[in-house]
Every structure is written in C-alpha cells, then in structure tokens.
Amino acid sequence: MRIASSITGDHWVLALRTVLAVWLALYVALRLDLAQPAWAILAVMIVTLQPVMFTGGTPPLGIIIHRCIGRLIGTFLGALMGLVLIALFAQQPMLYLLAAGAWLAFCTFCVMLLNDEPASYIMMLSGYTATLVSLTAIGTGVDNIFDLALARTTETALGIGAGFLMHVLIAPRFGSRALPGTLAALISGAADEARVAITQARPKAVLNERLRHLMGKHQQFEAQHALARFEFRRFRRLLPALDRFAGDSLALMTGLRELEEAIDRLSHCEGCDDLMMALRTPTLPFLAALDQDDDQLPELPKLPDVATLVSPEDSVTLVRATLVRERLGEVMQLLHHGRALSLAMRHHRHAGLIRLTGRRPRRTHHPEYGVARYNAFRVFIAFELLGLFWIHSGWTSGYLSMMLLGVFIVLFAKAPNPAAVVRQFLTGTIWAVIIGCLFSYVVFPSITGFPLLALSIAVPVVIGTLMTPHMRYAAVGLAGAVTLMTLLNLHRTYVFHPTQFINGGLASILGTIVTMVTYSLFRQRAPAERLETLVAAYWRGLERVTRARRLPSRAWLESRLYDRLSRLLALGSGEQMLREAVDLHALAMCLWRLRRLARASGPQQREIERWVAGLGRQLLLAGRDEQAWRRLAADSEAQATALYDLKPLPTALIGEFEMLSHLLRDLPGAAAQAREALSQGEDEQGAMDAR
53 MRIASSITGD HWVLALRTVL AVWLALYVAL RLDLAQPAWA ILAVMIVTLQ PVMFTGGTPP
113 LGIIIHRCIG RLIGTFLGAL MGLVLIALFA QQPMLYLLAA GAWLAFCTFC VMLLNDEPAS
173 YIMMLSGYTA TLVSLTAIGT GVDNIFDLAL ARTTETALGI GAGFLMHVLI APRFGSRALP
233 GTLAALISGA ADEARVAITQ ARPKAVLNER LRHLMGKHQQ FEAQHALARF EFRRFRRLLP
293 ALDRFAGDSL ALMTGLRELE EAIDRLSHCE GCDDLMMALR TPTLPFLAAL DQDDDQLPEL
353 PKLPDVATLV SPEDSVTLVR ATLVRERLGE VMQLLHHGRA LSLAMRHHRH AGLIRLTGRR
413 PRRTHHPEYG VARYNAFRVF IAFELLGLFW IHSGWTSGYL SMMLLGVFIV LFAKAPNPAA
473 VVRQFLTGTI WAVIIGCLFS YVVFPSITGF PLLALSIAVP VVIGTLMTPH MRYAAVGLAG
533 AVTLMTLLNL HRTYVFHPTQ FINGGLASIL GTIVTMVTYS LFRQRAPAER LETLVAAYWR
593 GLERVTRARR LPSRAWLESR LYDRLSRLLA LGSGEQMLRE AVDLHALAMC LWRLRRLARA
653 SGPQQREIER WVAGLGRQLL LAGRDEQAWR RLAADSEAQA TALYDLKPLP TALIGEFEML
713 SHLLRDLPGA AAQAREALSQ GEDEQGAMDA R
C-alpha cells in the first residue's frame, strides 16, 4: 500500500515506456528467430531501470544515451573476450577459472578506479559479458561459441535500440534543458554576493550560509552540464568552456570568501570608506547588469589604481586596499566569463564569446588504488571458490550461479553498502523464481500467440518498473525483472523443462547468496574512512605545493579541487568536511600565489621559498591543533610586518602574507565545530562528517 500511494504519473509513463520497449524487442527477436530473445528483454530492463534506482523516476535522456553507447561497446568487448577465453581454455576448466576470474577482477579494478562514468560503465559491461558468454558456452556446449557471442551482441543491441527509441518517442526528459537558466542563476547569485560584500558587513555565519546555498547551485549546474554532451548538439561545441567553468565556479566561491575577508581587514584602516566608494563606483553597475535578463554582455569595468588614492606613508592601508582590488578583479573576471558562457548557450550570435572561458582543462583525478585493489581481490576470490564448487560438484546448471555472481559483484561494486543492495536482490531473485515457476507451469503452456505472450510478460515488467523508483524496493524490482528474464527460456516454440528450471532457479539464488556473503565477509572500507583519506590527500597536496621545485599551474590546482570535491560528494560528505576541503584548497592557492610573487621579489625569493617550505612541513605536523595553527598565523603576520621596511613596497606580496595569516587563523574553526557536534550527541556518521 505504501508503494501504491507513492506511484506518480511519471512512474506510470516509465512503466508504459518499458513495456512497449520490451514488446518491441521481443517481437523483433522472435521474428528474426534469434537464439535468446530474453537477452533483448534483459538489455531493455537494465538500460531503462538501472538509472531509475538513482534518479527515482524517468532518467534524463543524456543518461540513457551514454548508457546505451557504453553498453554497446562493453557488450562487444565482453563478447570478444568471451570468445578468447573459450578458444584458449575450453578444455582446461582450472585455467579457465583463473583467466576468467583475472579478467573480471581487472574490470572491477577499472570500474572502481575510473571516475569517468562512460568508461567505468564500459569496463563493467566488458567484465560480466565475458563471463556470461563463456559460461553459457560451457554450460550449453562450446561448439556454438561464435554464434552465442554474436547472438549476445545482436540481441543486446536490439534491446538497447528498443529502449532508446521509446525514451525518445514517449515524453523524453532532457536533464540539460535548464542548463542556461541554471548557469544564469549561478552567475546572478554570485554577483549578488559580491554586491553585498562591497556594500555592507555581515557576520561570518551568514556568509557561510550564503556560500553553502551558492554551492548548491554549483552542484545543480554540475549535474546538468554532465548531460549536455549527449542531449543537445548545440551545447557540444561549448563543452570545453563548460568543463572549464565547472572549476572556475568553485574558484569564484573561494574568491568571494577571500574578498569579504580582505574588505573586513581594510575596514579597520583610516580612509577605508573613500577607498571602497572608489571601488564601488565602477563595480556596482557591472554587477547590476549581470542581474538583468537580457542578451547583453556588460563590459568588464576597470578598477581605479588605489595607489593614487592612498598616502605613500600609509603603507598598511595601501597593502590592504591593493588586496581588495586584486580579489575584486578576480571575482569580476570570473563573473564576466560566466556571463559570456551563459549568453553563448542562449544565443547563437554570441558563440564567439566562449573564447573568454579558456581551453578545456586537463583533469587530474584522485584514484583510490587501495579501494580498487581490494574490490578486485574479493571478486577474484569469490569467483574462484564458487567455480571450484561448480566444477567438482558436477552440477550442470551451476554456470548460472557463476553468471549471476559475475553480474552482481561488478554491478554494485561502487555502492556504499553493496551487501544491503544484494540482500534486496536476493529477495527479488526468490520472488522471480516463484513467479517464473507460475509462468512456466500455468501461463506459458496456455499461450498460443504473440499477443497473449506480450500481455503475460507485461505484468511482471510493470510490477518491477513501478517498484524500482522507490529506494527501499528498487533492487527487489530490478532483480526480479532481470532474474525472471534470465530464467524464462523464450523461443519461437516454447518447451518447458521442469528440472532445468528448478536447477536454474536454485543456481540463481545460490549466485546471489554467494555475492551477498562475499560482500559481508570482505567488507569495503566505510565511506567515512574513504572520506578521511580524500581529505588527507588535500593535506598532502598542500604540503607538496610548498616544496615543489616546479610550481604547478593555477588551472592544475583548481582541477584538483574540482575532481576531489566530486568524489567527496559522491561518497556522501557532510558540509563541514566540504568546508575543510575548500579551505585547504584556498590555503594552497594562497601559498601558490606567495611562491609566484616571491620569484619576482628579487633578493627575498630564497628566504620566502625557505619559509614556505618550512610552513608546509609544520602544517602536516600540526594537523588540526588549533594552537599550532595560531602560532603559524602569527608567524605569517610577522613576515608581512617585516616586508613593510622594503623599498619599493611589495604590496601584493604583503597582502598575500596577511591573507595567509587569516586563512591559518580561521581554518581550525572546523575542528571546533566538530567538537561542538560531538558534544551535542550526534550519531557516529554525523560526527565523522563534522570532523
């Protein structure tokens, strides 16, 4: 009753789309007299329903397209590898187990290591398709292995085509249709934050809350821009610019935070009102123009030279005003780039503006090698042990349990808690065996034509489709549909073998149980531990920035934040951990600016480089010790004070030292908030997120 009350119109449209795709694939497969029409239905169910588990409704067309492409490529590579396995090891079962297990483990390793979803999906399909083809050939006879591989590829392509066609024809959902509006809202929100920063003071808690809201807009932009390459042709030429701005938008939020701090430091100086008025005069009209919903790109304003507005004797005010001017200029330039990209997406005549956003950045993913190796190891061990049982028991239908083990153990390798998902799959598998028994004994013997066959197949398909959008029953619905289509041996002329069906049902249940036991015994590292590892990577990266002989580019550093932050979000990071990651990145960028400015400082370069390298070592030793961070902040302030005696005055260098002092003094607040969260008695996961 709970499911029935939560079924929406979108769910019924999804069920209609899935049923029509199944009917089309089944009809064409039967008309062409293909070997296993159930494989075509299976392809429809997986392509259509697997994304529904994560979207809770009709998946965007971009997801369907890249899943279809990935499934085609992965199925072809897997079928080819299945041919190779049978050609080399058909008469040597022990060597076959080692080779097939090694291939499955290698594909699992790649699935866990690759952050690029299409490539990861291709490797997943390649892994379990090779085992499906080779195990089916061993179970039914290796003489027809080529025909089997060809049939698997052909019927999978048929199912993919049917599913894609129905998604295009029946109420397609375009996930990136709102991308121009989302980008415009992100730019407008950031412009409003910049306007507030230069016109009024506000508590730091309010600033953090506003930046958190802006981060939500960035995540929405990121989710939509990932689909643009597949859904709209007119967006494809903008993909390098979109990828670049995905990282620039994070730099924009960091810049807004530093701008607010720089303005706060300037507010304690004499004459700050006149300086801020001079900076506001050209800036406010530009920010107001960004809020206008028109097709005009406002000209980037030229900020006044603050050196002409400050007395040469007032060096402190000059340094702080210069820092405000630099941060404000960076923020406005990023806003200008974003506005140009927004106009290029909305109007073809503005396509030339995309040159302002730069080239596509080189991605620097953070691979979790330990996690990938562990997953590959447990896949290999489970496959070998179940294979030994199958070979030595002489159980003819045991290859079905091997097939389901290969599918499930790779399919949910990236899930935070795969054992819980497989437990739901076990429930769905048991129900599929029961329903399959009903179909085989009662329904199919009385069917005389395709219309009755289509109507009978539609019932479990609709039930499985309506269950999948609900998180609690998603795996049950998908598993029931997948297992049922595997057990029902659909041919042009139906012949029911009770013994074969019972063996197949038991093998399906056994394969699911072995998968669940494998995930339960060989437990994956908890998401909280993986999150701590990712945050530790930020700390190590911070130390590397201070000692690297060759200073990395700014685009490379921003790419590190962008890619690691996506992994933090994928693992369910809490807000405090995200703040710590962004703060550490801001600290790394400040140290990077210091080293870059030091190279132009002449005699002070070697001393500054030595001090920055020592700071990096002390940061790792200090950890989250608040007192140690305050000592380092005071040391940075002393370095800035010492530079005031130099002639000519290195205003930019002093400003960066003062900003570094602020970042060092402010960052331990995350640890204090963690202690506060722990004292309030939050649960273990919440405490981990807070820390």
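Our numbering numbers the first residue of the sequence shown as 53 and each following residue consecutively. Beta carbons: idealized from backbone N, C-alpha and C, even for Gly. Small disclaimer: the values here were computed from a predicted structure and weren't measured.
Candidates the options, of which the one nearest residue i by Cα
{"i": "His265", "options": "Glu283, Ala242, Ala278, Gln691", "result": "Ala242"}
{"i": "Ala472", "options": "Ile138, Leu573, Ala189, Met329", "result": "Leu573"}
{"i": "Arg377", "options": "Thr598, Leu361, Leu355, His389", "result": "Leu355"}
{"i": "Thr570", "options": "Leu437, Leu86, Leu671", "result": "Leu437"}
{"i": "Leu137", "options": "Met175, Ala650, Cys321, Thr183", "result": "Thr183"}
{"i": "Trp608", "options": "Ala303, Glu283, Leu156", "result": "Ala303"}
{"i": "Leu594", "options": "Ser228, Gln476, Glu632", "result": "Glu632"}
{"i": "Ala588", "options": "Ala373, Leu630, Val566", "result": "Leu630"}
{"i": "Lys699", "options": "Val597, Gly654, Thr333", "result": "Gly654"}
{"i": "Arg683", "options": "Leu667, Thr693, Leu311, Ala694", "result": "Leu667"}
{"i": "Ala694", "options": "Ala665, Glu659, Ala340, Ser394", "result": "Glu659"}
{"i": "Gly126", "options": "Leu113, Cys162, Pro112", "result": "Cys162"}
{"i": "Leu202", "options": "Leu86, Ile116, Ile117, Arg288", "result": "Leu86"}
{"i": "Ala465", "options": "Cys324, Arg651, Phe432, Gln657", "result": "Phe432"}
{"i": "Glu661", "options": "Ala686, Leu705, Leu380", "result": "Leu705"}
Buried versus exposed call for residue i [16 or more other C-beta atoms within 10 Å across all chains shown]
{"i": "Ala314", "result": "buried"}
{"i": "Ala230", "result": "exposed"}
{"i": "Pro364", "result": "exposed"}
{"i": "Glu347", "result": "The sequence given here places Asp at residue 347; Glu does not occur at that position. Under this definition Asp347 is an exposed residue."}
{"i": "Thr234", "result": "buried"}
{"i": "Gly556", "result": "buried"}
{"i": "Phe502", "result": "exposed"}
{"i": "Leu294", "result": "buried"}
{"i": "Glu18", "result": "Outside the displayed span of the chain (53 to 743) sits residue 18, for which this structure offers no information."}
{"i": "Lys269", "result": "buried"}
{"i": "Ala253", "result": "exposed"}
{"i": "Pro413", "result": "Because Pro413 sits at a pLDDT of 48, beneath the cut-off of 50, its placement in the model cannot be relied upon, and the point is left open."}
{"i": "Asp300", "result": "buried"}
{"i": "Leu308", "result": "buried"}
{"i": "Thr409", "result": "The predicted model places Thr409 with a pLDDT of 43, which falls under 50 and marks its position as unreliable; any figure quoted below should be read in that light. Buried, because 16 or more other Cβ atoms sit within 10 Å of the Cβ of Thr409."}
{"i": "Leu421", "result": "In the sequence under discussion, the amino acid at residue 421 is Tyr, which differs from the Leu named in the question. It is exposed - the Cβ of Tyr421 has fewer than 16 other Cβ atoms within 10 Å."}
{"i": "Ser58", "result": "exposed"}
{"i": "Leu140", "result": "exposed"}
{"i": "Phe517", "result": "The identity of residue 517 in the sequence shown is Thr, whereas the question assumes Phe. Label assigned to Thr517: buried."}
{"i": "Thr360", "result": "exposed"}
{"i": "Thr188", "result": "buried"}
{"i": "Arg411", "result": "Interpretation of Arg411 is limited by its pLDDT of 48, a score under 50 that renders its predicted location unreliable; the figure taken from the coordinates is listed afterwards. With fewer than 16 Cβ atoms within 10 Å of its Cβ, Arg411 is classed as exposed."}
{"i": "Ile486", "result": "exposed"}
{"i": "Ala392", "result": "buried"}
{"i": "Tyr451", "result": "buried"}
{"i": "Thr535", "result": "buried"}
{"i": "Gln143", "result": "exposed"}
{"i": "Leu672", "result": "exposed"}
{"i": "Gln476", "result": "buried"}
{"i": "Arg743", "result": "Bear in mind that a pLDDT of 29 at Arg743, under 50, signals an unreliable position, so the model cannot answer this."}
{"i": "Met519", "result": "buried"}
{"i": "Leu290", "result": "buried"}
Cβ separation of residue i and residue j, assumed to be a contact under 8 Å, to the nearest whole Å
{"i": "Ala434", "j": "Leu457", "result": "6 Å"}
{"i": "Leu701", "j": "Cys642", "result": "Not a contact, Cβ separation roughly 20 Å."}
{"i": "Gly352", "j": "Gln385", "result": "Strictly speaking, residue 352 in this sequence is Leu, with Gly absent from that position. Right, the Cβ-Cβ distance comes to about 7 Å (below 8 Å), so this counts as a contact."}
{"i": "Ala77", "j": "Leu210", "result": "5 Å"}
{"i": "Leu715", "j": "Leu646", "result": "Actually they are not in contact, since the Cβ atoms of Leu715 and Leu646 sit about 11 Å apart, beyond 8 Å."}
{"i": "Phe128", "j": "Thr60", "result": "Wrong, their Cβ atoms sit about 37 Å apart, outside the cutoff."}
{"i": "Leu66", "j": "Thr110", "result": "5 Å"}
{"i": "Thr481", "j": "Thr564", "result": "5 Å"}
{"i": "Phe198", "j": "Leu124", "result": "About 19 Å separates the two Cβ atoms, so there is no contact after all."}
{"i": "Leu463", "j": "Met164", "result": "About 13 Å separates the two Cβ atoms, so there is no contact after all."}
{"i": "Thr567", "j": "Phe460", "result": "4 Å"}
9 Å Cβ cutoff, residue i in contact with chain D
{"i": "Arg606", "result": "Considering every chain present, this structure includes no chain D. It has just one protein chain."}
Take every Cβ of the stretch 136-154, pair it with every Cβ of the stretch 87-104, and state whether three or more of those distances are shorter than 8 Å. no
Counting pairs of Cβ atoms below 8 Å between the stretch 215-225 and the stretch 242-255, do you hit three or more? no
Could you name each continuous alpha helix (DSSP H) segment of 4 residues or more that falls completely within the stretch 663-714, going from the start of the chain to the end? 678-695
Should the stretch 73-93 be called in touch with the stretch 196-215, which here means at least 3 C-beta pairs below 8 Å? yes
Should the stretch 499-517 be called in touch with the stretch 592-610, which here means at least 3 C-beta pairs below 8 Å? no
Is it a yes or a no for the stretch 171-191 touching the stretch 150-161, going by three-plus beta-carbon pairs under 8 Å? yes
In the stretch 416-465, which residue ranges form an unbroken alpha helix (DSSP H) of at least 4 residues, counting only runs that do not cross its ends? 421-445, 450-463
If you scan the stretch 54-122 from start to end, which runs of the alpha helix (DSSP H) of 4 or more residues do you find wholly inside it? 54-57, 61-83, 89-101, 104-107
Which ranges does the alpha helix (DSSP H) cover as unbroken runs of at least 4 residues, wholly within the stretch 254-317, from first to last along the chain? 256-277, 280-283, 285-288
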